[in-house]
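Report on the structure given below.
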Amino acid sequence: DMDLFTYDPGYTSTGSCKSAITYIDGDEGVLLHRGYPIEEIAEHGDFLEAAFLILKGELPNDAQRTKFVTDISRHSMLNEQISFFFRGFRRDSHPMAVMCGVVGAMAAFYHDSININDPHQRMVASYRLIAKMPTVVSWTYKYAMGQPFVYPRNDLDYASNFLHMMFATPCEPYKVNPTLARAMDRILILHADHEQNASTSTVRLAGSSGANPFACIAAGIASLWGPAHGGANEAVLAMLHEIGSKERIPEFLKRAKDKNDSFRLMGFGHRVYKNYDPRAKIMQRTCHEVLDELGIKDEPLLELAMELERIALSDEYFIERKLFPNVDFYSGIIFRAMGIPTQMFTSLFALARTVGWIAQWNEMLTDPEQKIGRPRQLYVGSPPRHYLPLHQRG
Ligand code: SDX
Numbered sequence: 031d032m033d034l035f036t037y038d039p040g041y042t043s044t045g046s047c048k049s050a051i052t053y054i055d056g057d058e059g060v061l062l063h064r065g066y067p068i069e070e071i072a073e074h075g076d077f078l079e080a081a082f083l084i085l086k087g088e089l090p091n092d093a094q095r096t097k098f099v100t101d102i103s104r105h106s107m108l109n110e111q112i113s114f115f116f117r118g119f120r121r122d123s124h125p126m127a128v129m130c131g132v133v134g135a136m137a138a139f140y141h142d143s144i145n146i147n148d149p150h151q152r153m154v155a156s157y158r159l160i161a162k163m164p165t166v167v168s169w170t171y172k173y174a175m176g177q178p179f180v181y182p183r184n185d186l187d188y189a190s191n192f193l194h195m196m197f198a199t200p201c202e203p204y205k206v207n208p209t210l211a212r213a214m215d216r217i218l219i220l221h222a223d224h225e226q227n228a229s230t231s232t233v234r235l236a237g238s239s240g241a242n243p244f245a246c247i248a249a250g251i252a253s254l255w256g257p258a259h260g261g262a263n264e265a266v267l268a269m270l271h272e273i274g275s276k277e278r279i280p281e282f283l284k285r286a287k288d289k290n291d292s293f294r295l296m297g298f299g300h301r302v303y304k305n306y307d308p309r310a311k312i313m314q315r316t317c318h319e320v321l322d323e324l325g326i327k328d329e330p331l332l333e334l335a336m337e338l339e340r341i342a343l344s345d346e347y348f349i350e351r352k353l354f355p356n357v358d359f360y361s362g363i364i365f366r367a368m369g370i371p372t373q374m375f376t377s378l379f380a381l382a383r384t385v386g387w388i389a390q391w392n393e394m395l396t397d398p399e400q401k402i403g404r405p406r407q408l409y410v411g412s413p414p415r416h417y418l419p420l421h422q423r424g
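For the sequence shown, our numbering gives the first residue as 31, with consecutive numbering after it.
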């Protein structure tokens with residue numbers, strides 16, 4: 031069988047597609063979307079502009095930008111029936127569990143955008159997913175809090191509208207802090223796409239069979255949930271709490287290096303980056319900005335994280351294996367400072383990554399070389415044998 035295919039667990043050396051969306055140079059720590067460095071997109075752009083770029087290949091001109099923002103905001107509401115679907119969950123459900131369900135269920139609501147062979151329907155589905163995700167994520171929070179759902183406000187920008195739906199209540203006016211909205215927007219940009227990571231590959235694989243876009247994105251959400259992938263941002267905070275104080279860092283580093291211990295440093299290491307993740311650098315800077323804005327001095331978790339990074343990066347084990355902080359290492363500290371509960375961190379990653387998933391899904395469906403994804407295997411089971419009647423079995 032090995033003559034017919036390559037055995038490559040984890041696809042460490044398999045290129046599964048051609049893509050023009052994102053370029054990573056893992057040795058240099060470079061990340062480009064459509065050729066633009068992530069640093070420049072994060073500094074000069076906003077999330078919807080980045081979404082347009084990732085989806086369509088070019089930065090929008092003024093008219094295109096206005097139209098895109100209008101088109102997206104027109105899709106920000108959820109069908110009212112979906113609010114009843116939310117109400118079927120336990121209040122203490124994990125937001126990612128609710129998202130898998132709600133996003134998958136969208137295929138049962140938006141019948142006019144599930145024909146994947148119609149480019150117009152594909153575009154409408156893409157806009158719907160990008161537009162509705164902040165509503166879905168914020169409603170998981172409102173539901174968990176026992177508060178009424180807050181409806182989107184289309185006069186607000188994407189990140190501000192999200193914060194509004196999270197924190198406004200019917201009885202109190204809520205004014206979005208522009209510095210926090212800008213920080214949130216930048217965090218969303220940093221998560222928007224990352225070529226063929228596990229969840230994006232999952233979306234492509236699901237989509238390769240011709241499944242509808244809502245089902246494919248639900249599959250992406252499921253894959254992102256794991257702690258080795260997007261779930262790491264939640265796991266980092268749990269880890270920092272568990273470590274508790276700087277004095278205990280060496281003890282945990284020792285455990286992370288021990289192959290007989292399942293503990294790993296969450297937010298560290300990457301399949302592609304063998305250098306600092308450029309997103310982690312921007313994230314760390316944003317973290318300081320947010321804490322300054324909120325007047326939080328000496329945040330013990332940030333100090334602990336920075337000390338952990340410092341000690342790990344001077345340790346032979348991490349140097350040899352080129353293990354650096356990744357995108358998930360600092361994001362949680364920022365979310366926490368903004369008042370977002372730890373359980374919600376991964377759903378924010380999903381919100382942002384919806385742009386990349388949907389862009390990659392569209393790219394796949396318009397690729398003339400596209401085929402159903404169907405890896406092979408090395409069979410290691412029993413040789414052929416005959417079925418025994420029940421009384422003859424041992
Ligand atoms: C994301 O792929 C993407 O692009 C993902 C992402 C995106 O934007 O989509 O960037 C988002 O998922 C970030 C990663 C979040 N995950 C974590 O932070 C969890 C902790 N990290 C690891 O589980 C791990 O580093 C992975 C999953 C990120 C990468 O795994 P690989 O590529 O399979 O590497 P590996 O596990 O084979 O590690 C190589 C070596 C091993 O040691 P040796 O067997 O060679 O001695 O490095 C060690 C590993 O044990 N190692 C770690 C470690 N990560 C790797 N040791 C301690 N702590 C760690 N975190």
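Think of the CB as a built atom: it goes at the ideal place given N, C-alpha and C, for glycine as much as any other residue. The model shown is predicted, which means the values in this text are computed figures rather than measured ones.
Extent of the continuous alpha helix (DSSP H) run through residue i
{"i": "L210", "result": "208–221"}
{"i": "Y157", "result": "149–175"}
{"i": "I363", "result": "358–367"}
{"i": "C317", "result": "308–323"}
{"i": "C201", "result": "Segment: none, C201 is in no alpha helix (DSSP H) and carries neither H nor E."}
{"i": "V233", "result": "228–237"}
{"i": "S253", "result": "243–254"}
{"i": "E277", "result": "Taken as a continuous stretch (DSSP letters only), E277 belongs to no alpha helix (DSSP H), as it is neither H nor E."}
{"i": "R95", "result": "92–104"}
{"i": "T396", "result": "No alpha helix (DSSP H) holds T396; DSSP gives it neither H nor E."}
{"i": "C130", "result": "125–135"}
Residue i Cβ short of 7 Å to the ligand SDX heavy atom set
{"i": "V385", "result": "no"}
{"i": "G260", "result": "yes"}
{"i": "P257", "result": "yes"}
{"i": "G299", "result": "yes"}
{"i": "H63", "result": "no"}
{"i": "A155", "result": "no"}
{"i": "D358", "result": "yes"}
{"i": "R340", "result": "no"}
{"i": "R234", "result": "no"}
{"i": "A286", "result": "yes"}
{"i": "N191", "result": "no"}
{"i": "M296", "result": "yes"}
{"i": "G40", "result": "yes"}
{"i": "L267", "result": "no"}
{"i": "N227", "result": "yes"}
{"i": "L353", "result": "yes"}
{"i": "V60", "result": "no"}
{"i": "V128", "result": "no"}
Contact under 8 Å by Cβ, residue i with residue j
{"i": "Q226", "j": "T199", "result": "no"}
{"i": "S168", "j": "F139", "result": "no"}
{"i": "L334", "j": "C317", "result": "no"}
{"i": "M374", "j": "Y171", "result": "yes"}
{"i": "S377", "j": "M126", "result": "yes"}
{"i": "I260", "j": "W387", "result": "For the sequence presented, residue 260 should be read as Gly rather than Ile. No, the Cβ-Cβ distance between G260 and W387 is not below 8 Å."}
{"i": "T384", "j": "M163", "result": "yes"}
{"i": "L83", "j": "Y66", "result": "yes"}
{"i": "C130", "j": "A252", "result": "yes"}
{"i": "V166", "j": "L108", "result": "yes"}
{"i": "V302", "j": "I68", "result": "no"}
{"i": "P307", "j": "F354", "result": "Per the sequence shown, the amino acid found at residue 307 is Asp instead of Pro. The answer is yes: Cβ separation under 8 Å."}
{"i": "I341", "j": "I279", "result": "yes"}
{"i": "D101", "j": "Y41", "result": "no"}
{"i": "V132", "j": "F115", "result": "yes"}
{"i": "L89", "j": "R309", "result": "no"}
Span of the beta strand (DSSP E), counted from its first residue to its last, around residue i
{"i": "V60", "result": "60–63"}
{"i": "Y53", "result": "52–55"}
Identity of the residue in the options nearest residue i by Cα
{"i": "D283", "options": "Y306, F348, I326, S229", "result": "The sequence shown places Leu at residue 283, rather than the Asp named in the question. The residue with the shortest Cα to Cα distance from L283 is F348."}
{"i": "G362", "options": "G369, L267, R351", "result": "L267"}
{"i": "L254", "options": "R183, R212, L343, D358", "result": "D358"}
{"i": "D76", "options": "Q314, H421, L220, Q400", "result": "L220"}
{"i": "F365", "options": "V320, L420, K205", "result": "V320"}
{"i": "A248", "options": "E58, L381, H421, T44", "result": "L381"}
{"i": "H74", "options": "N392, T36, R212", "result": "R212"}
{"i": "F298", "options": "P280, A265, K289, I312", "result": "A265"}
{"i": "D215", "options": "D187, T232, C201, V233", "result": "D187"}
{"i": "I71", "options": "E281, E399, A222", "result": "A222"}
{"i": "F179", "options": "R234, C246, S43, E110", "result": "E110"}
{"i": "N207", "options": "I217, S190, L218", "result": "S190"}
{"i": "E58", "options": "K304, E399, D397, D345", "result": "K304"}
{"i": "E346", "options": "H124, M175, A286, N184", "result": "A286"}
Integer Cβ distance of residue i from residue j, believed to fall under 8 Å
{"i": "S103", "j": "A161", "result": "7 Å"}
{"i": "T52", "j": "H224", "result": "6 Å"}
{"i": "H300", "j": "N356", "result": "5 Å"}
{"i": "I144", "j": "A135", "result": "Wrong, their Cβ atoms sit about 12 Å apart, outside the cutoff."}
{"i": "R295", "j": "G403", "result": "Here the sequence assigns Leu to residue 295, which means Arg is not the residue at that position. Not quite, the Cβ-Cβ distance comes to about 32 Å (not below 8 Å), so this is no contact."}
{"i": "F119", "j": "Y173", "result": "7 Å"}
{"i": "E339", "j": "K276", "result": "E339 to K276, Cβ: 12 Å. No contact."}
{"i": "G87", "j": "R64", "result": "6 Å"}
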